[in-house]
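Protein chains: 2
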Amino acid sequence: MTTVVCKFGGTSVADVERINAVAETLMKHRADGEDVVVVVSAMGKSTDALVEMAAEINPKGSARESDVLLSTGEQITIALLSMALEQRGQPARSYTGAQIPIVTDSRHGSARIKDINPDKMRADLDAGRVVVAAGFQGVDEQGNITTLGRGGSDTTAVALAAALKADECRIYTDVDGVYTADPRIVPDARRLDRITVEEMLEFASLGAKVLMTRSVEFAGRYQIPIRVLSSFEPGPGTLITFEEDDTVEQPSVSGITHDLDDAKITIRAVPDKTGIAHAIFGAVSDADFNVDMIVQNIGDDGMTDLTFTVRRAEMEATLALLEPIISELGAASISGDEHIAKISAVGVGMRSHTGIAATMFEALSAENINIQMISTSEIKISVVVEDKYAELAVRALHRAFRLDEA
Amino acid sequence: MTTVVCKFGGTSVADVERINAVAETLMKHRADGEDVVVVVSAMGKSTDALVEMAAEINPKGSARESDVLLSTGEQITIALLSMALEQRGQPARSYTGAQIPIVTDSRHGSARIKDINPDKMRADLDAGRVVVAAGFQGVDEQGNITTLGRGGSDTTAVALAAALKADECRIYTDVDGVYTADPRIVPDARRLDRITVEEMLEFASLGAKVLMTRSVEFAGRYQIPIRVLSSFEPGPGTLITFEEDDTVEQPSVSGITHDLDDAKITIRAVPDKTGIAHAIFGAVSDADFNVDMIVQNIGDDGMTDLTFTVRRAEMEATLALLEPIISELGAASISGDEHIAKISAVGVGMRSHTGIAATMFEALSAENINIQMISTSEIKISVVVEDKYAELAVRALHRAFRLDEA
């Protein structure tokens with residue numbers, strides 16, 4: 006018997022009508038003879054009011070109690086979805102994270118899963134029941150309720166799939182798969198039938214927010230095939246596989262992503278001495294700011310220019326943090342620029358294709374788009390350009406790599 | 006060290022302001038050097054929207070899933086109240102029913118408490134924390150969430166007090182104690198300083214809805230002193246004791262209660278044969294309808310008239326149930342009357358005082374109030390009168406037993 010884990014996010018269970026639609030989708034899987042575990046998030050914005058009340062009562066309430074509060078959101082959804090299945094004659098049983106149990110460490114708000122016992126779920130599946138599990142939440146070894154933090158429901162789904170050795174983990178979302186580029190920018194962007202975990206990790210980390218990096222990593226580690234598909238429209242979605250299909254000729258580039266959430270910080274004329282990078286990036290890392298691309302140009306004069314990107318929301322704080330440090334280091338200046346876009350070409354096919362970078366630079370140059378920074382990895386080339394060129398750059402690269410062609 | 010369990014119902018935690026007020030009350034108990042466990046209900050009408058959604062999805066959703074849904078209400082309150090205490094510098098820790106654990110049987114929606122392990126709570130109290138426990142809910146031996154049904158939070162409070170061998174269980178409510186009569190009807194009704202559990206049981210079952218019968222029974226069994234007091238105004242409230250204070254001269258009557266929720270059913274001219282009562286009340290009991298007072302008059306003609314009271318909401322259904330049965334029994338007629346009031350005088354002092362019934366009948370007669378039914382127990386005399394006389398009867402009896410005098 007095929008076992009599938011299906012995950013529906015907050016938008017997909019936002020109201021009674023949507024919950025009934027999810028129940029219908031699950032009934033189809035049952036009719037196909039599949040054993041079904043479903044993981045759900047809190048309904049739409051239902052926890053917003055709770056968060057507001059908590060902030061009013063105590064702006065610095067403990068993370069433990071915040072988790073107790075927030076975990077009610079999914080608990081409501083599992084009960085309602087179970088009732089919707091019962092209404093359709095399908096036996097169902099809901100489980101909170103603590104009931105499964107999904108044992109986590111004790112880091113409230115960003116707990117990591119340590120262990121999942123699949124026995125109860127398996128017994129329910131064997132008895133013909135649909136298991137309805139609360140996403141995003143777990144329980145630590147002392148019995149405290151924990152939450153997994155952002156994207157936690159995806160992680161729950163993949164982790165349950167791993168524990169159950171499920172055949173597939175289906176992530177239902179508001180898009181019907183992973184595209185060669187953002188369809189809102191590139192009208193002829195194509196849905197990809199398959200994508201490797203490695204590519205998906207690059208897509209996710211580059212701002213194509215279909216799936217959280219953490220859940221994709223998890224899927225890769227346990228070799229769980231994930232399928233991303235729409236909870237609103239039928240379709241096969243995109244399968245994220247851990248196997249590179251060597252029998253098929255890989256295209257050089259699978260997709261073009263863009264990220265407008267970064268900002269650039271430039272430090273000019275730092276004396277090029279040992280420990281400079283550590284002094285700067287050590288401080289940034291200690292403050293928990295996220296640095297992505299780093300470019301260093303060493304001049305003939307023993308001075309170096311250092312440019313790097315941070316999350317846009319963290320730019321001002323990073324500048325404030327670094328100003329005294331770079332002044333101590335004897336640098337000439339530090340400045341920030343919020344008007345940048347990071348454009349990337351991603352594809353495992355890059356490993357066996359050459360000339361990708363050349364094609365990329367040529368396409369941008371043909372549109373007179375100046376490249377401010379370049380960074381490459383084995384399956385990705387990223388460039389930073391002025392943000393007003395973001396859409397033009399994506400479209401130019403999508404065409405240059407012939408991604409509109411099936 | 007004194008240990009107290011405090012319980013606040015839905016009205017007392019209805020919004021952020023009220024939750025903060027509850028936290029202030031608890032801070033005073035802490036300042037008095039008391040170890041504090043607090044039991045809370047769901048905020049005001051917060052679960053109404055959930056119940057509506059559930060009814061829309063599945064009017065006959067399973068009781069198991071209904072309990073999963075409803076138990077989120079108290080879980081929200083415990084988190085917010087814990088945060089309110091933390092905000093005041095008071096360490097606190099919240100517990101759901103399952104976390105404590107409060108182990109119950111598996112009757113979803115009306116579960117009975119089987120066992121409470123006080124170890125975690127005691128450890129928290131010893132560490133100076135306030136324990137914030139969810140009322141109304143528990144967990145069965147298979148780990149399913151259960152709810153205790155109506156008045157469940159009071160039962161939780163008393164049960165926790167018993168498990169902890171607490172010195173007092175304080176039930177905060179919207180009245181500041183138990184009164185000699187309903188102050189809305191009798192302006193000079195007095196708050197009682199003390200009342201015995203037996204009296205309180207009669208008060209509760211007679212419609213003075215300060216406390217649910219079940220929690221009072223529980224308190225009596227485990228000899229937990231309960232104090233009923235106002236969550237809105239300071240004051241000593243009323244102490245419900247399990248000891249009858251023999252050193253003090255008891256007044257004959259402690260209070261007058263009235264109940265407008267009953268209806269009367271009269272069956273005329275039933276042939277007086279063995280098994281008649283069983284045929285009638287067996288059927289009513291099998292249908293789970295509540296019968297209270299029963300009066301039977303046997304005539305000289307071998308026929309009997311049977312009158313009894315049921316809950317008003319159940320009158321029509323009881324009539325429908327009984328019509329075919331009494332027709333088979335050969336009775337002349339069956340009829341219902343919704344316009345009745347049950348008025349009762351309650352007091353453990355009745356045991357040692359005589360003439361209570363005479364005083365009662367005289368007072369009602371002086372007001373020209375006709376008595377339709379009479380029922381007596383060791384510490385209570387109840388009469389049924391036409392409902393339009395209810396207030397007049399309560400005032401007359403309150404005066405006749407001099408309850409306005411301290």
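Taken in order, these protein sequences are the chains called V and S.
Residue numbers for the first sequence, in the working numbering: 6 to 411.
Residue numbers for the second sequence, in the working numbering: 6 to 411.
For each residue, glycine too, the CB sits at the ideal point set by N, CA and C.
As the structure is a computational prediction, the values presented were derived from the model and not from experiment.
Looking at the structure shown, is residue i part of a helix, part of a strand, or coil, going by DSSP?
i: Met-378 of chain V; result: strand
i: Leu-244 of chain S; result: strand
i: Phe-366 of chain V; result: helix
i: Lys-65 of chain S; result: coil
i: Thr-252 of chain V; result: For Thr-252 of chain V, the predicted model reports a pLDDT of 48, less than 50, meaning its position is unreliable; a value from the coordinates is still stated below. Coil, per DSSP.
i: Thr-8 of chain V; result: strand
i: Asn-149 of chain V; result: coil
i: Ile-299 of chain S; result: strand
i: Arg-155 of chain S; result: coil
i: Ser-220 of chain S; result: helix
i: Ile-384 of chain V; result: coil
i: Thr-201 of chain S; result: strand
i: Phe-208 of chain V; result: helix
i: Glu-391 of chain S; result: strand
i: Phe-13 of chain V; result: strand
i: Asp-40 of chain S; result: strand
i: Gln-228 of chain S; result: coil
Might you give, ordered along the chain, the residues of its own chain that have their beta carbon closer than 8 Å to the beta carbon of residue i, omitting 5 neighbours on each side?
i: Met-429 of chain V; result: In this structure chain V extends from 6 to 411, so residue 429 of chain V is not present and cannot be described.
i: Arg-35 of chain S; result: Val-41, Gln-95, Val-135
i: Val-44 of chain V; result: Val-10, Cys-11, Lys-12, Phe-13, Ala-138, Ala-139, Gly-140, Ser-158, Thr-161, Ala-162, Leu-165
i: Ala-288 of chain S; result: Leu-326, Leu-327, Ile-330
Is it true that the CB of residue j sits closer than 8 Å to the CB of residue i?
i: Gly-143 of chain V; j: Ala-166 of chain V; result: no
i: Val-27 of chain V; j: Val-41 of chain V; result: no
i: Ile-83 of chain V; j: Ala-139 of chain V; result: yes
i: Pro-276 of chain S; j: Gly-335 of chain S; result: yes
i: Val-296 of chain S; j: Met-378 of chain S; result: no
i: Ala-107 of chain S; j: Val-163 of chain S; result: Ala is not the amino acid found at residue 107 of chain S; the sequence shown has Ile there. No, the Cβ-Cβ distance between Ile-107 of chain S and Val-163 of chain S is not below 8 Å.
i: Ile-345 of chain S; j: Leu-311 of chain S; result: no
i: Thr-77 of chain V; j: Ser-111 of chain V; result: no
i: Gly-94 of chain V; j: Met-48 of chain V; result: no
i: Arg-175 of chain S; j: Leu-90 of chain S; result: no
i: Ala-268 of chain V; j: Ile-330 of chain V; result: no
i: Glu-204 of chain V; j: Gly-352 of chain V; result: yes
i: Leu-265 of chain V; j: Asp-198 of chain V; result: no
i: Lys-393 of chain V; j: Asp-159 of chain V; result: no
i: Leu-169 of chain S; j: Met-126 of chain S; result: yes
i: Ala-401 of chain V; j: Ala-368 of chain V; result: yes
Which bits of chain S does residue i rub up against, with CB to CB less than 9 Å?
i: Thr-152 of chain V; result: Residues of chain S passing the Cβ test: none, with the nearest at roughly 12 Å.
i: Leu-55 of chain V; result: Ile-81, Ala-84, Leu-85
Listing by chain order, which chain V residues have their CB less than 7 Å from the CB of residue i?
i: Thr-77 of chain S; result: Thr-77, Gln-80, Ile-81
i: Gly-148 of chain S; result: Gln-104
i: Ser-87 of chain S; result: Glu-70
i: Leu-130 of chain S; result: Here the premise fails: no neighbours, minimum Cβ distance about 17 Å.
Which residues does DSSP pair with residue i in a beta bridge?
i: Asp-129 of chain V; result: For Asp-129 of chain V, which the question treats as bridged, DSSP gives no partner whatsoever.
i: Tyr-184 of chain V; result: V:Arg-196
i: Met-308 of chain V; result: V:Pro-276
i: Lys-269 of chain V; result: V:Thr-314, V:Asp-342
i: Asp-120 of chain V; result: V:Val-108
i: His-263 of chain V; result: V:Ile-348
i: Leu-234 of chain V; result: V:Tyr-177
i: Ser-99 of chain S; result: S:Val-137
Under 8 Å between beta-carbons, which chain S residues line up against residue i? List them in chain order, please.
i: Ala-138 of chain V; result: Correct list: empty, because the minimum Cβ distance to chain S is about 12 Å.
i: Ile-62 of chain V; result: Val-21, Ile-24, Asn-25, Leu-85, Met-88, Ala-89, Gln-92
Apart from the five residues just before and just after residue i, which ones in its own chain have a Cβ nearer than 6 Å to its Cβ?
i: Phe-247 of chain S; result: Val-202, Gly-225, Gln-228
i: Met-6 of chain V; result: Asp-40
Given that residue i touches chain S, what residues does it touch there, using C-beta distances under 7 Å?
i: Met-58 of chain V; result: Val-21, Leu-85
i: Gly-66 of chain V; result: Met-88, Glu-91
i: Ser-99 of chain V; result: Glu-70, Val-73
i: Leu-165 of chain V; result: Chain S residues near Leu-165 of chain V: none, gap ~17 Å exceeds 7 Å.
Grab me the residues of residue i's own chain with a C-beta within less than 7 Å of its C-beta, minus the 5 sequence neighbours each way, in chain order.
i: His-403 of chain V; result: Thr-185, Ala-186, Val-191, Ala-194, Ile-261, Asp-409
i: Met-308 of chain S; result: Ala-274, Val-275, Pro-276, Asp-277
Which residues in chain V have a C-beta closer than 9 Å to the C-beta of residue i? List them in chain order.
i: Leu-31 of chain S; result: Residues of chain V passing the Cβ test: none, with the nearest at roughly 14 Å.
Does the Cβ of residue i lie closer than 7 Å to at least one heavy atom of the ligand NAP?
i: Val-275 of chain V; result: Questions concerning the ligand NAP fall outside what the structure shown contains, since it holds no ligand whatsoever.
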